[in-house]
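Be aware that the sequence shown starts at 565, since it is given in the working numbering, and climbs by one per residue.
Cβ atoms here follow ideal geometry from the backbone N, Cα and C, with glycine treated the same way.
These notes are about the structure you will find just below.
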Amino acid sequence: MKALSLLLLVTCRAALLAQTPQSAMPSATAPISSLASLIDEAQQNNPEIRAMTHAYQAAGQMTKSAGALPDTELMVQHLSVGSPRPFAGYTNSDFAYIGLGASQEFPWPGKRKLRSKAAGLQADAMHAQADALSRTVIEQLKIAYFKLAYLQETLGIIERDDKLLGDLEQIAESRYRVGKGNQQEVLKAQLQHTRILQEINLHHREQGQLQAQIKQLLARAQDSPDIVTEPLRERSLHGTASELLQQARQNNPEINARERLLQRADLQTELARKEFRPDFGLQYIYQNTDRKFRDYYMLTFTVTLPNRGRRRAELAEATANRESATAELNAEVQRRQAEVQDQYVMAKTSAEQLRIFREGLMPQAEATFRAAMAAYQANRQDFETLLSSFRDALDFEEQYQKELSEHESALARLESLTGVTLP
565 MKALSLLLLV
575 TCRAALLAQT
585 PQSAMPSATA
595 PISSLASLID
605 EAQQNNPEIR
615 AMTHAYQAAG
625 QMTKSAGALP
635 DTELMVQHLS
645 VGSPRPFAGY
655 TNSDFAYIGL
665 GASQEFPWPG
675 KRKLRSKAAG
685 LQADAMHAQA
695 DALSRTVIEQ
705 LKIAYFKLAY
715 LQETLGIIER
725 DDKLLGDLEQ
735 IAESRYRVGK
745 GNQQEVLKAQ
755 LQHTRILQEI
765 NLHHREQGQL
775 QAQIKQLLAR
785 AQDSPDIVTE
795 PLRERSLHGT
805 ASELLQQARQ
815 NNPEINARER
825 LLQRADLQTE
835 LARKEFRPDF
845 GLQYIYQNTD
855 RKFRDYYMLT
865 FTVTLPNRGR
875 RRAELAEATA
885 NRESATAELN
895 AEVQRRQAEV
905 QDQYVMAKTS
915 AEQLRIFREG
925 LMPQAEATFR
935 AAMAAYQANR
945 QDFETLLSSF
955 RDALDFEEQY
965 QKELSEHESA
975 LARLESLTGV
985 TLP
């Protein structure tokens with residue numbers, strides 16, 4: 565009878581290992597959400613992305629305003645003679661008049677163009693920052709999705725093996741009843757079952773936290789249906805570290821934003837030098853007296869002389885800002901390239917770890933478990949060793965799924981850093 569029970573147990577485990585765990589899904593009828601569809605949803609609905617998009621669109625209007633002429637001034641003048649009363653002397657003095665005029669300032673040639681270009685580069689920098697924010701949100705979504713996929717997959721594995729542990733516990737109880745086992749074997753099986761229940765509870769808690777995070781990124785209501793992920797699949801990392809570093813240097817939005825800010829600082833330095841040049845102004849006034857007197861026409865040309873002390877201070881400030889922008893760009897390049905190298909090493913070593921799990925640890929743990937079952941069946945091995953081999957097989961399956969999640973998360977970070985979508 566004992567041999568038959570053990571044979572059924574081994575057969576049951578083999579069948580369970582071949583099944584895809586369905587218990588990890590929140591609902592049997594819940595639709596599976598692909599990562600691509602969630603990314604599209606986040607790009608359209610995420611409030612941070614929408615806010616930054618409107619901000620850089622608003623900044624794009626600064627180009628026209630920065631390069632425009634100063635506002636035109638319109639004037640109405642009134643001169644009375646002999647009395648402060650309105651129109652006093654208007655009919656009996658050729659000095660009293662009503663005047664209409666306009667004035668316009670004209671910056672030194674080249675100033676408006678530089679201001680327009682500087683504003684355009686500021687808008688370009690904000691556009692790059694909006695792209696950086698979008699990539700950050702998508703990266704956060706991908707990593708949360710991969711973690712959720714790991715938890716949903718491993719939850720099914722844990723619940724599956726908990727059923728198998730229940731069969732082990734029944735066999736231990738049967739042996740104890742016929743005097744071939746001891747109570748300690750039953751208690752150890754029950755303890756292991758309690759640990760699995762604790763692990764299942766922790767998985768539910770982590771899943772709930774990730775569901776809340778993903779719904780926030782998607783701008784979904786927190787009481788909306790939970791998200792069901794696709795099974796994780798390992799992607800290959802093509803390209804060398806040098807190629808990825810070069811792509812990050814060219815495509816990383818944070819670096820691009822710093823480059824635009826440096827170019828803007830160059831233009832502002834050039835503009836600060838031009839501010840030593842004077843600006844000009846024209847003013848034209850038509851003065852109307854009573855019809856028995858002649859009208860007056862007055863054209864005024866003005867020159868605004870710059871305060872050289874203030875302009876020297878502004879030039880020094882612009883030069884210092886340019887040096888600061890150069891240093892910030894260099895720091896950003898070093899920081900992002902270090903992140904690329906770190907994630908590249910992470911992805912490569914993780915891929916090797918996955919291979920070791922698939923080709924070594926997991927099949928070896930399964931073979932050890934089967935051998936322990938056979939030895940336990942022949943009364944050549946104790947129950948604790950059998951339980952230990954069972955736990956090893958379960959742990960390696962969980963660790964494989966976790967490593968797969970971390971591998972895909974490293975690739976997601978590389979995609980965000982380099983702007984390259986990995987196949």
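Item: Straight-line Cα distance separating Thr758 from Arg951; Value: Here residue 951 is Leu; the residue named in the question, Arg, does not match the sequence. About 14 Å.
Item: Any 3 or more C-beta pairs closer than 8 Å across the stretch 853-869 and the stretch 691-700; Value: no
Item: Ser667 - partner residues in DSSP beta bridges; Value: Glu637, Gln847
Item: Cβ pair count under 8 Å reaching 3, the stretch 830-849 against the stretch 881-889; Value: yes
Item: Sequence-distant residues of the same chain with beta carbon closer than 8 Å to Ala785, five excluded per side; Value: Lys779
Item: Beta-carbon separation (whole angstroms), Glu967 vs Leu918, contact threshold 8 Å; Value: 6 Å
Item: Range covered by the alpha helix (DSSP H) that runs through Tyr964; Value: 947-982
Item: Where Ile791 falls: helix, strand or coil (DSSP); Value: coil
Item: Spatially closest choice to Asp843 from Ser980, Arg676, Ile764, Thr890, by CA coordinates; Value: Arg676
Item: Where Tyr1020 sits in the DSSP three-state scheme; Value: An answer regarding residue 1020 cannot be provided, because it is not within the stretch 565 to 987 covered by the chain.
Item: Enclosing beta strand (DSSP E) for Val867 [first to last residue]; Value: 860-868
Item: C-alpha gap between Asn610 and Leu782, whole angstroms; Value: 6 Å
Item: Leu729 versus Gln756: straight-line alpha-carbon distance, rounded; Value: 8 Å
Item: Euclidean distance between Cα positions of Asp688 and Ala889; Value: 15 Å
Item: C-beta atoms of Ile764 and Leu826 nearer than 8 Å; Value: no
Item: Contact under 8 Å by Cβ, Tyr908 with Leu808; Value: yes
Item: Local conformation of Asn816 per DSSP, three classes; Value: coil
Item: With 16 other Cβ atoms within 10 Å as the buried cut-off, status of Thr982; Value: buried
Item: The stretch 797-812 contacting the stretch 897-905, beta-carbon criterion three pairs below 8 Å; Value: yes
Item: Closer than 7 Å: Arg875 CB and nearest the ligand ADP heavy atom; Value: Ligands displayed in this structure: none; no statement on the ligand ADP is therefore possible.
Item: Residue closest to Phe947, alpha-carbon to alpha-carbon, out of Gln754, Ala805, Arg874; Value: Gln754
Item: Span separating the alpha-carbon of Leu751 from that of Phe954; Value: 16 Å
Item: Reduced DSSP secondary structure (H/G/I, E/B, other) of Gln583; Value: Note that Gln583 has pLDDT 40, beneath the 50 cutoff, so the model's placement of it is unreliable and no number is given.
Item: CB contact flag (Leu705, Ile603, <8 Å); Value: yes
Item: Residues near Ser629 in its chain [Cβ-Cβ closer than 7 Å; skip 5 each side]; Value: none
Item: Contact set for Arg841: own chain, Cβ-Cβ below 7 Å, skip 5 residues either direction; Value: Trp672
Item: Reference Lys838; option with closest CA among Leu678, Thr864, Leu801; Value: Leu678
Item: Pick from Gln963, Asn871, Asn815, Arg874 that is closest to Val984, judged by C-alpha positions; Value: Asn815
Item: Same chain, Cβ closer than 6 Å to Glu637, neighbours up to 5 away in sequence not counted; Value: Ser667
Item: Enclosing alpha helix (DSSP H) for His802 [first to last residue]; Value: Run containing His802: none; DSSP gives neither H nor E here.
Item: C-beta contact flag for Glu930 and Ala957 at 8 Å; Value: yes
Item: Buried versus exposed call for Pro817 [16 or more other C-beta atoms within 10 Å across all chains shown]; Value: buried
Item: DSSP bridge partner residues for His768 (one or two, in chain order); Value: According to DSSP, His768 bridges with nothing at all.
Item: Collapsed DSSP secondary structure at Tyr654 in the structure displayed; Value: coil
Item: Contact check, Gly631 vs Ser644, beta carbons under 8 Å; Value: no
Item: Test item: CB-CB of Gln686 and Gly663 under 8 Å; Value: no
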